[in-house]
Amino acid sequence: MTGQYTLRKVSTLSIQPIRIFGDPVLRTAAEEVDTFDKELRNLVKDLLDTMRDEGGAGLAAPQLGVGKRVFSFDVDDVVGHIVNPVLEFPDEEEQDGPEGCLSLPGLYFDTIRRQNVVAKGFNEYGDPLQIVGTGLMARCLQHETDHLDGIIFIDRLDSERRKAAMTEIQAQDWYNEDVKVKVTPHDSKGVFFKR
């Protein structure tokens, strides 16, 4: 029997466990990336593979237990990542709508965010990158940048919404009542910020 065989590289998925609400790494500000190497590219792959496997719109490195300023996103068929993001807001327009988080699985709470945002940072090779987002992309960029600052989206809720959210969180099977949940030590009172 004769035949031709084509060798092709099969990429292996690198799906990692996601840290759940209550894990202290989610409340710790991530460090800036200063080395754009294979380790960073592996982290980006882990973020993308895990995000896709979970069906999320975004995933930040602290959600994988890595304290580095990098996240992935998949919004409206735009898939990518950004390293060391800095957000700028071109106007004051807001949106209010449901927001969820892979670290609070299955829960969504209406959250006020800016409607338009510009994220500036770098790709995994250290090349400058700019993402202009509106609507869902703007929400994602703000949500994931918050993770890099140790802020979880429920910190952005007013006191009434936050109280209702905590009641729902405590009713979840994944909630660990032995974990002491603290309010973020970072400034999240001002809903929007520019670093």
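Counting along the sequence shown from 1, when you hit position 163 you're at 811 in this note's numbering, and nothing is skipped either side.
The beta carbon of each residue, even a glycine, is placed where N, CA and C say it ideally should be.
Quiz item: Helix, strand or coil for ASP722 per DSSP?
Solution: strand
| message | Let me confirm a value: SER807 is counted as buried when at least 16 other C-beta atoms fall within 10 Å, else exposed. Which label applies? | response | exposed
* To do: Let me know the secondary structure DSSP gives PRO738 once reduced to three states.
  => coil
*asked:* With three or more C-beta pairs closer than 8 Å as the rule, is the stretch 724-734 touching the stretch 770-787?
replied: yes
Inset, instruction - Would you list the residues sitting across from PHE770 in a DSSP beta bridge? - result: VAL731, PRO776
ASP697, enclosing alpha helix (DSSP H) - first and last residue
686-702
With a Cβ-Cβ cutoff of 7 Å, do ILE800 and ALA813 count as a contact?
no
Can you name, in chain order, every residue of its own chain whose Cβ lies under 7 Å from the Cβ of ALA678, other than the five neighbours on each side? ALA709, PRO710, GLY715, LYS716, ARG717, LEU796
In three-state DSSP terms, what is ARG888? For residue 888 there is no data in the structure shown, the boundaries of the chain being 649 and 843.
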